[in-house]
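Residue 126 is where the sequence shown starts when you use my numbering, and the numbers rise one by one after that.
Everything on this sheet refers to the single structure shown next.
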Amino acid sequence: MRKSKILTLNRREFIKGSVIGLASLPALRFKPLMAKETSKKAKIALFKTKDRKEGVQKILELIDFASVDGKKVMLKPNFNTADPTPGSTHNDTLSQLIKELQERGASEITIGERSGPPSTKSVLEDKGIFDLAQELNFKIINFEELEEKDWVHFNPPGNHWKEGFYVARPAVESEYVVSTCCLKTHQYGGVFTLSIKLAVGLTPKKLMRELHGERDNAMRKMIAEINLGYKPQFIVLDGIEAFVDGGPSRGTRKEANVFIGGRDRIAVDAAGVAILKELGSNKAIMERKIFEQEQIKRAVELGLGISKPDQIEFITPDRASREYAKKLKSILAQG
126 MRKSKILTLN RREFIKGSVI GLASLPALRF KPLMAKETSK KAKIALFKTK
176 DRKEGVQKIL ELIDFASVDG KKVMLKPNFN TADPTPGSTH NDTLSQLIKE
226 LQERGASEIT IGERSGPPST KSVLEDKGIF DLAQELNFKI INFEELEEKD
276 WVHFNPPGNH WKEGFYVARP AVESEYVVST CCLKTHQYGG VFTLSIKLAV
326 GLTPKKLMRE LHGERDNAMR KMIAEINLGY KPQFIVLDGI EAFVDGGPSR
376 GTRKEANVFI GGRDRIAVDA AGVAILKELG SNKAIMERKI FEQEQIKRAV
426 ELGLGISKPD QIEFITPDRA SREYAKKLKS ILAQG
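Structure (structure tokens):
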């Protein structure tokens with residue numbers, strides 16, 4: 126498969142011109158830890174559809190997000206493996222999201238990812254991302270190929286990592302981050318993998334032994350803690366297909382035929398878990414209240430977003446979407 130050098134950026138090329146410099150990193154690292162509980166609402170766009178292009182378009186129309194005009198955008202997909210959606214981000218979703226960002230004036234778009242267990246390069250090749258990058262004119266950073274100096278160390282007070290954790294410097298220093306996730310359960314300890322768990326792909330592979338070694342203990346709290354290292358400006362969740370059991374690469378499929386999006390990771394994940402509950406999922410999903418799920422509970426403790434389900438306000442464009450949002454609000458109201 127042909128691979129052009131213009132598709133891959135080193136760290137210096139990516140952050141050149143960024144509004145966030147090295148000097149500001151200490152202030153960024155632990156700011157969420159000092160956040161107070163907020164009573165503000167988090168708006169979640171919801172659109173019932175079977176069409177991914179239409180889904181992305183409508184969600185971006187509904188989300189109130191900061192302008193990307195003139196910005197260099199880091200886009201974080203779900204490319205843990207190259208398995209069919211929801212095992213990985215669908216290329217149609219990714220393509221439309223890139224086109225929408227370009228139409229809104231993004232000066233540059235870079236996909237950043239670290240896959241696993243397969244190599245990131247092989248996943249990108251199997252997904253056809255290098256060819257897609259040529260077609261749509263975006264760039265790629267393979268976090269697996271970063272040098273040691275290109276990882277930022279975080280060791281916030283009270284975290285559950287033995288010696289803290291590392292986040293890819295390009296994501297930490299990016300002036301604008303967008304993430305797109307799938308809708309699925311996670312059978313290896315995560316319980317679910319939505320926007321919060323997407324942050325695992327921003328860490329080096331060497332941390333995975335420690336993370337998965339805590340499967341029965343602090344794993345889900347550790348996942349939430351990684352999110353202290355970066356902040357997406359908005360998230361788009363493709364919920365046309367879902368894994369309601371198994372996952373993250375393969376599992377029991379159901380169709381939800383929905384897209385959701387928003388600026389608050391906790392709100393997006395809470396809505397996502399509500400969808401899994403509405404579809405009918407495994408015991409780990411069905412038998413625990415949404416805000417008692419450890420990923421979400423820890424994220425709330427860290428001040429990463431909303432703290433209560435009644436803070437979610439659904440924004441919908443049509444009757445079908447409004448009716449579905451009502452179902453989710455009822456599920457969310459149970460906690």
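Every residue gets a Cβ at the ideal spot worked out from N, C-alpha and C, and that includes glycine.
query	result
Close beta carbons around D435, own chain, < 6 Å, minus the five adjacent residues each side	none
Opposing strand residues paired with D363 [DSSP bridges]	C307 and F384
Span separating the alpha-carbon of K165 from that of E250	42 Å
Beta strand (DSSP E) segment containing H337, residue limits	Per DSSP, H337 belongs to no beta strand (DSSP E); it is in the alpha helix (DSSP H), M333 to G338.
Exposed unless 16 or more other CB atoms sit within 10 angstroms - verdict on A66	Limits of the chain in this structure are 126 at one end and 460 at the other, which puts residue 66 out of reach.
Local conformation of F190 per DSSP, three classes	coil
Residue ranges of each alpha helix (DSSP H) within the segment 413 to 455, 4 or longer	419 to 426
Collapsed DSSP secondary structure at K505 in the structure displayed	The first residue shown for the chain is 126 and the last is 460, placing residue 505 beyond what the model contains.
Straight-line Cα distance separating L171 from R228	Note that residue 228 is Glu in the sequence shown, not Arg. Looking at the two C-alpha atoms, the distance is approximately 22 Å.
Contact under 9 Å by Cβ, T310 with L401	yes
Reduced DSSP secondary structure (H/G/I, E/B, other) of D176	coil
Residues that D389 bridges to, as DSSP identifies them	Note: D389 sits in no beta bridge, so no partner.
Between the CA atoms of A324 and R388 - distance to the nearest angstrom	15 Å
Same chain, Cβ closer than 8 Å to I184, five either side skipped, listed in chain order	A170, F172, V361, F384, I385 and G386
Proximity to L327 [Cα-Cα], best of E238, G372 and A207	E238
Bounding residues of the beta strand (DSSP E) (the contiguous stretch that carries P328)	The residue you asked about is not Pro; residue 328 is Thr in the sequence shown. Here T328 belongs to no beta strand (DSSP E), and DSSP marks it neither H nor E.
Within 9 Å, strictly: CB atoms of P202 and L219	yes
Close beta carbons around H215, own chain, < 7 Å, minus the five adjacent residues each side	R177 and D363
Terminal residues of the alpha helix (DSSP H) in which E233 lies	Careful: E233 lies outside any alpha helix (DSSP H), inside the beta strand (DSSP E) at E233 to E238.
Distance CB(E419)-CB(K346) smaller than 9 Å	yes
Burial state of I440, where buried means 16 or more other Cβ atoms lie within 10 Å	buried
Limits of the beta strand (DSSP E) - the one that L200 falls within	K197 to K201
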